[in-house]
Amino acid sequence: MKLHTLSLGLIMLAACTSAPPRVAAPVNWVPWTRAESLRWYDCEPGSTLIERHTPGHGSPPLTLRRTRLEPSGERARVQTERLEPRVERPPSCCSVDLPPGYPGPEPKRTEEFVRREVFPVGGAPVEVEVVRRTTRMDRGCDTVPCPCWDDLLVEELWYRHPRAESEGAVRILFDPSRSRFSRSSGCASPPPGSAPDARGMVETRVATALDVSFRLQRDIHRCMRVRTWESPGVPVESLECPSVLGGRGMWQMTGGLVSGVRTFTTIEVLSFDCKRSSPEEP
Numbered sequence: 001m002k003l004h005t006l007s008l009g010l011i012m013l014a015a016c017t018s019a020p021p022r023v024a025a026p027v028n029w030v031p032w033t034r035a036e037s038l039r040w041y042d043c044e045p046g047s048t049l050i051e052r053h054t055p056g057h058g059s060p061p062l063t064l065r066r067t068r069l070e071p072s073g074e075r076a077r078v079q080t081e082r083l084e085p086r087v088e089r090p091p092s093c094c095s096v097d098l099p100p101g102y103p104g105p106e107p108k109r110t111e112e113f114v115r116r117e118v119f120p121v122g123g124a125p126v127e128v129e130v131v132r133r134t135t136r137m138d139r140g141c142d143t144v145p146c147p148c149w150d151d152l153l154v155e156e157l158w159y160r161h162p163r164a165e166s167e168g169a170v171r172i173l174f175d176p177s178r179s180r181f182s183r184s185s186g187c188a189s190p191p192p193g194s195a196p197d198a199r200g201m202v203e204t205r206v207a208t209a210l211d212v213s214f215r216l217q218r219d220i221h222r223c224m225r226v227r228t229w230e231s232p233g234v235p236v237e238s239l240e241c242p243s244v245l246g247g248r249g250m251w252q253m254t255g256g257l258v259s260g261v262r263t264f265t266t267i268e269v270l271s272f273d274c275k276r277s278s279p280e281e282p
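Numbering follows my numbering, in which position 155 of the sequence shown is assigned residue number 155; successive positions increment by one, without gaps.
Structure (structure tokens):
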């Protein structure tokens with residue numbers, strides 16, 4: 001009897017170990033091939049975005065609807081209306097969204113390939129391409145002598161290799177030893193970030209997860225979970241989704257202090273309707 005039981009157990013064990021591994025169901029991502037994220041100036045008047053704002057100090061959430069108004073050149077005029085809790089006041093008007101480089105030129109930047117290495121994101125090794133970016137803060141100044149003339153920002157940008165369209169760097173490190181700031185009125189200042197590492201580099205952005213699913217209006221958008229810093233030592237989280245209007249599905253903003261603890265407001269995209277003149281485009 002014992003021999004029969006042992007034989008049956010071995011047969012069951014063999015059946016379990018020989019069973020084919022489960023294969024995860026494929027994710028039907030929203031296709032996105034553009035170099036830039038979807039922004040307001042890509043959408044026609046009447047396009048809407050609905051957001052939920054949840055304060056971290058315990059106040060009730062707010063639901064806001066933003067609507068693009070009539071065309072205004074390259075600018076996108078956006079009106080904000082509070083849906084919940086509803087208040088008896090007209091919608092506020094207007095924020096203005098501008099495309100990159102508008103209205104003046106971008107700062108002068110150069111990029112240089114440094115090395116290729118492996119960087120763990122969410123516990124998984126990811127091959128990255130490290131690029132050194134140098135930005136000279138000598139544009140857009142309207143005084144003589146210009147107070148921010150020749151200020152310099154040097155960063156290391158770590159991109160996933162091969163780089164996906166519209167995907168930002170998985171990591172950015174600020175290099176204080178090569179950068180310089182005059183700190184005069186109107187000048188740029190060093191970006192906030194974490195404490196310097198062993199090389200003296202300051203991490204200002206890091207991806208904590210790649211290819212994150214974000215379900216919205218029955219579609220699944222491919223996103224990247226990112227941590228940045230609004231002020232030194234105060235990280236905020238966001239979900240970067242190029243195919244979602246605004247380029248993000250969720251993000252945080254720092255709020256006030258409650259009992260000496262910093263609070264955060266979380267903004268989530270609930271729905272969006274981007275009216276396009278060319279519906280065949282993604």
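For glycine and all other residues, C-beta sits at the position ideal for the given N, C-alpha and C.
Since the model is a prediction, treat every value here as computed from it, not as a measurement.
Exercise for review: Spell out a yes or no on whether the stretch 120 to 134 and the stretch 153 to 164 are touching, meaning 3 or more CB-CB pairs, one atom from each, closer than 8 Å.
Suggested key: yes
Exercise for review: Could you tell me which residues DSSP pairs with L173 in its beta bridges?
Suggested key: E156, E203
Check your understanding: Within this structure, are the beta carbons of V236 and Q252 separated by less than 7 Å?
Key -> yes
Practice item. Can you say whether R171 is buried or exposed, counting buried as having 16 or more other CB atoms within 10 angstroms of its CB? Key: buried
Exercise for review: Return the bridge partner residues of K108 from the DSSP annotation.
Suggested key: R136
Practice item. Take every Cβ of the stretch 187 to 194, pair it with every Cβ of the stretch 207 to 215, and state whether three or more of those distances are shorter than 8 Å. Key: no
Check your understanding: Does DSSP classify W32 as helix, strand or coil?
Key -> coil
Practice item. Rounded to whole angstroms, what's the CA-CA distance from S189 to W229? Just pull it up for me. Key: 14 Å
Review point. Could you give the residue range of the beta strand (DSSP E) that holds W229?
Key: 219 to 231
Practice item. Kindly give me the distance between the Cβ atoms of S47 and D273, rounded to whole angstroms, as I take these residues to be in contact under 8 Å. Key: 6 Å
Point to revise | Three-state secondary structure assigned by DSSP to W40 | key: helix
Exercise for review: Grab me the residues of T67's own chain with a C-beta within less than 6 Å of its C-beta, minus the 5 sequence neighbours each way, in chain order.
Suggested key: T48, Q79
**Study point:** Helix, strand or coil at H57 [DSSP, three-state]
**Key:** coil
Check your understanding: Just to confirm, are V30 and D219 a CB contact at a threshold of 7 Å?
Key -> yes
Practice item. Please go through the same chain and pick out, in chain order, the residues whose beta-carbon is closer than 6 Å to the beta-carbon of L62, but skip the five residues on each side of it. Key: H53
Exercise for review: Classify D273 as helix, strand or coil using the three-state DSSP reduction.
Suggested key: strand
Exercise for review: Go ahead and label C241 buried or exposed: buried means 16 or more other beta carbons lie within 10 angstroms of its beta carbon, across all protein chains shown.
Suggested key: buried
Practice item. Please name the residue or residues paired with W251 in a DSSP beta bridge. Key: S238, I267
Exercise for review: Determine the DSSP secondary structure at G256, reduced to helix, strand or coil.
Suggested key: strand
Exercise for review: Would you kindly work out how many angstroms separate the C-alpha atoms of P271 and E51, rounded to a whole number?
Suggested key: This sequence places Ser at residue 271; Pro is not what is there. One C-alpha to the other measures close to 7 Å.
Check your understanding: Any Cβ of chain D within less than 7 Å of the Cβ of E167?
Key -> The question asks about chain D, but that chain is absent: this structure has only one protein chain.
Check your understanding: Alpha carbon to alpha carbon, what distance is there between R178 and V27?
Key -> 43 Å
Review point. With respect to the beta strand (DSSP E) encompassing R82, which residues constitute its N-terminal and C-terminal limits?
Key: 76 to 84
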